[in-house]
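Chains C and V, in that order, are what the protein sequence lines are. Going by this note's numbering, 252 is the number at position 261 of the first sequence; the sequence numbering is gapless. Going by this note's numbering, 65 is the number at position 74 of the second sequence; the sequence numbering is gapless. Cβ atoms here follow ideal geometry from the backbone N, Cα and C, with glycine treated the same way. The structure appears below as structure tokens.
Protein chains: 2
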Amino acid sequence: MSNIYKPKSISGFPEWLPEIRRAEQLWFDQIRTVFESYGFCSIETPSVEELNVINAKGGDGGADVDKEVYVLERLHKQNDDKEARLALHFDQTIPLARYTAQHFNDLVFPFKRYQMQRVWRGERPQAGRFREFYQCDIDVINVDNLPMHFDAEMPAIIWGILSGLDGMENENIQIRISNRKILIGLLEGLGIENITEVTRWIDKSDKLPQDKIAHELENIGLSSDNIDKIFDITSKSSLKETVAINDLMREGIEELSFVMEQLSHLPEGAVIADLSIVRGLDYYTGTVYETVFTDDPSYGSICSGGRYDDLASNYINKKLPGVGISIGFSRLFDRIRLKGNLPSLSMSPADILVILPSEELRPKVMETAQILRKRGFNVETFHSPSKMKRQLAYAQKKGIKYVWFPDAGEVKNMDTSEQAKATPENWTKDD
Amino acid sequence: MSNIYKPKSISGFPEWLPEIRRAEQLWFDQIRTVFESYGFCSIETPSVEELNVINAKGGDGGADVDKEVYVLERLHKQNDDKEARLALHFDQTIPLARYTAQHFNDLVFPFKRYQMQRVWRGERPQAGRFREFYQCDIDVINVDNLPMHFDAEMPAIIWGILSGLDGMENENIQIRISNRKILIGLLEGLGIENITEVTRWIDKSDKLPQDKIAHELENIGLSSDNIDKIFDITSKSSLKETVAINDLMREGIEELSFVMEQLSHLPEGAVIADLSIVRGLDYYTGTVYETVFTDDPSYGSICSGGRYDDLASNYINKKLPGVGISIGFSRLFDRIRLKGNLPSLSMSPADILVILPSEELRPKVMETAQILRKRGFNVETFHSPSKMKRQLAYAQKKGIKYVWFPDAGEVKNMDTSEQAKATPENWTKDD
């Protein structure tokens, strides 16, 4: 007794009770069904990548997450220094790039895959930010070039998913789309040199007031005239008013216009053009997406992504452009959970509890259950011939809707208290 | 170009091409369906536990795996020495014990849960042994006592699963069951003291010849008379011939007889009593299970488990007996894969590819696809108005069975080359 180690939750590593886990499974099933309905195939990659692969991604987007990377160590190290160091992946994009390069000859392009796995980031846990969490990604990758049509397919799929998940009925969400070529074109056209730094500040538009950002842009050397010109563009959502000052900017406007046009069948407000969206990660080169709760954009994006011209160049001598989007599953799920809006499910998947009236009837109980299982029902049998009251209480506590009395040949609906004759071979639920 | 880091597989961390991954998903779905049909609920625990929890399990079974435990380190460590050290779980039993203790007041007992997650062991990779692999566990835990009926339910469920998985049709598998009380009772009755050491050698019966084991038992001080008596018992499979020499042994024989009797409805040879089964892990106290390919028992057990009288005593001041069994999913799956017996699935989940005859027809193509999706089909649309030959080749390479020609209003079955008129609102597969 004195050796009891009372366990507690590990901050940032969520864990659910069975009834919440059932809602989580339901969501995974719903998301997977939509991904597959568009012909995306599933892959899974190992939880780890070689540290060389994680580091090879280059770009200064890496600097942000490097300090969050978890590496593995054997508890009792042996003489295996020769082995590559392994790190838990912090997203599914780098593993996808590595996978596509490694299995290039066995894949068919355009390669359309979905991936629903845990990722790990050793950041400080807070609302909607975990250290271990699920992401649900789709990406399309092609060789040499990838039609813009796919940039429009991504938000259409995501809209279908997010508006269809059980528990999201009353949420107002919005997918915001931009094209990095517009802002980059503008900055280049204005002769601004520290483009990365500038885009980082613009990226904070949803978190900081405009005058704060203006102040920071001034600090890094931008003229107030240029700052005005930047804000003039980033605050626009009508592309028709946006005037290109060079070819790159024009290309961005055309691409974004194409994408928005393809999405015109979605409900009004589902998708908007928002030129302040830039995304922090520098591998994006064209379309970029963010998705927010319109009544609380400060919760941050729950589904983000974009287009990259050349994702796997670190691993293969081929040009592989792609476009992808990632649902921050755990962020989204946790918010709906905390609002109490998840579908209310029982802790047990069982439809029916078969009562065990006496030990002698056990063979009949088992047989009844087995017939019902073969017909597709989930069936528990009570384990001991306890008092009826106790067996019924068990069904109630586990949320099992139907109780089967094999001696009487009757079934009771625990919600309505109705009880009727039934045979296992042809009984059906009454809902 | 000079910076290309050519990625390769990480030994012990399997990764599948999309067509193999689809078979893996199919198996997971099939297993989950059976688990739920018996009323088991799903839980998932974090990938990590506090090192204190992993170490708290006690018993010398721990010594075996301690050196295989992976702990997490932040790549760039900060001043967070106060945080508990985290280790990747190496099984799902310790996490279950911790979960049950931690959430004790929110669970309903008997608590019947399944868990299908990755686990990690830093052991030397070899055939059927991975460093990252899936286990599919079911356990029943109760307070104070747990009816023996559950010990019989486990192998019945497992038999249903293993004989029902697509690709297992031609495998001869056998679940071998013993009860540790029999061997422990015998050893105690014979006055043998180093019981743990002796059972460890007996446990190797499927890997070492009997004379080698006899030699080792002699080395640790057993008389040849006692060794004969041990082998006399462990080589028996008929319980009727097994004579108890004390109460513990008698109890074990009775329990095992009960379990075998409850399983008499399974096909002959599906389940046998095998008194040489002891299982290495010392937390088992009664029934123990192993499952082997009868034509290759040396591949090792693909599904093992047993009963424990008091699993969570390290974490809670309650007696929580349980019984559980774990499918070594990756071991099993990889064997069937290497034998070429997995169901042969296409790499794409799409049923239909809708041809894009021209850019003008894109709206009709999208609409056709959307109608079919709403009717439950998985549908890809071709992304560009390429030559027909190329679009058909794409369907063929991805294994998409039906090609839809929206201009002609016809569907072609790529297997039979039959082509017929169809409308998206009422088309059905012809198989």
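Distance between residue j and residue i (C-alpha atoms, nearest Å)
i	j	result
C:I34	V:I129	26 angstroms
V:V121	C:L63	The sequence shown places Phe at residue 121 of chain V, rather than the Val named in the question. One C-alpha to the other measures close to 16 angstroms.
V:L323	C:S196	52 angstroms
V:K203	V:T187	18 angstroms
V:I148	V:I168	14 angstroms
C:K330	C:F320	16 angstroms
C:C127	V:Y306	34 angstroms
V:A14	V:C294	19 angstroms
V:S255	V:S248	11 angstroms
C:D135	C:K310	5 angstroms
C:G50	C:N133	Because the pLDDT at C:G50 is just 38, under 50, the model does not fix this residue reliably, and the value given afterwards should be weighed accordingly. Taking the straight line from one Cα to the other gives about 22 angstroms.
C:N420	C:T414	Here residue 420 of chain C is Lys; the residue named in the question, Asn, does not match the sequence. Between C:K420 and C:T414, the C-alpha separation is close to 12 angstroms.
C:Q106	C:R381	44 angstroms
C:V356	V:G176	34 angstroms
C:N163	C:G119	18 angstroms
V:E246	V:V269	15 angstroms
V:V39	C:W7	15 angstroms
C:L363	V:Y29	11 angstroms
V:G53	V:I45	In this predicted model, V:G53 has a pLDDT of only 42, less than 50, meaning its place in the structure is not dependable enough to derive any value.
C:A235	V:G390	44 angstroms
V:D273	V:P(-2)	41 angstroms
Assumed close pair residue i, residue j - CB separation to whole angstroms, cut-off 8 angstroms
i	j	result
C:G297	C:Y275	4 angstroms
C:M145	C:I316	5 angstroms
V:L336	V:E10	5 angstroms
V:V131	V:K103	5 angstroms
C-beta neighbour in chain V for residue i, strict 8 angstroms
i	result
C:I362	no
C:N96	no
C:L257	no
C:R12	yes
C:K309	no
C:G52	Only weak support is given to the placement of C:G52: the predicted model assigns it a pLDDT of 40, under 50, and the value that follows is read from those uncertain coordinates. Chain V, which has no Cβ nearer than 8 angstroms to the Cβ of C:G52, makes this no.
C:V110	no
C:F4	yes
C:K58	yes
C:N170	no
C:Y29	yes
C:P9	yes
Span of the alpha helix (DSSP H), counted from its first residue to its last, around residue i
i	result
C:R109	C:R109 -> not in any alpha helix (DSSP H); beta strand (DSSP E) instead, spanning F102 to W111.
C:L329	F320 to L329
V:R353	R353 to K365
V:I186	I186 to I193
C:L208	Q201 to N210
C:A78	That residue, C:A78, is in no alpha helix (DSSP H); its beta strand (DSSP E) goes L77 to L79.
V:K220	S215 to T225
C:V250	D238 to Q253
V:S154	H140 to G155
Residue i at chain C interface by Cβ criterion, 8 angstroms
i	result
V:V39	yes
V:Y299	no
V:I141	Residue 141 of chain V is actually Phe in this sequence, not Ile. Closer than 8 angstroms to some Cβ of chain C, the Cβ of V:F141 qualifies, so yes.
V:R65	yes
V:Y(-4)	yes
V:N432	Chain V is shown only over -8 to 422; residue 432 of chain V falls outside these bounds and no answer can be derived.
V:I34	yes
V:Q16	yes
V:A235	no
V:L77	yes
V:H374	yes
V:E338	The sequence as given places Met at residue 338 of chain V; Glu does not occur at that position. Taking Cβ atoms only, chain C reaches closer than 8 angstroms to V:M338, which makes this a yes.
V:P138	yes
V:N404	no
N-terminal and C-terminal residue of the beta strand (DSSP E) that residue i is part of
i	result
C:W7	From DSSP, C:W7 is part of no beta strand (DSSP E); its letter is neither H nor E.
V:D286	Counting along the chain, V:D286 falls outside any beta strand (DSSP E), and DSSP gives it neither H nor E.
Beta-bridge partners of residue i, as assigned by DSSP
i	result
V:T404	Rather than Thr, the amino acid found at residue 404 of chain V in this sequence is Asn. Paired residues: V:Y393.
C:G466	Outside the displayed span of chain C (-8 to 422) sits residue 466 of chain C, for which this structure offers no information.
C:Y90	For C:Y90, which the question treats as bridged, DSSP gives no partner whatsoever.
C:L344	C:E371 and C:V394
Interface flag, residue i vs chain B, CB-CB below 8 angstroms
i	result
C:I152	Looking for chain B here will not work: the only protein chains present are C and V.
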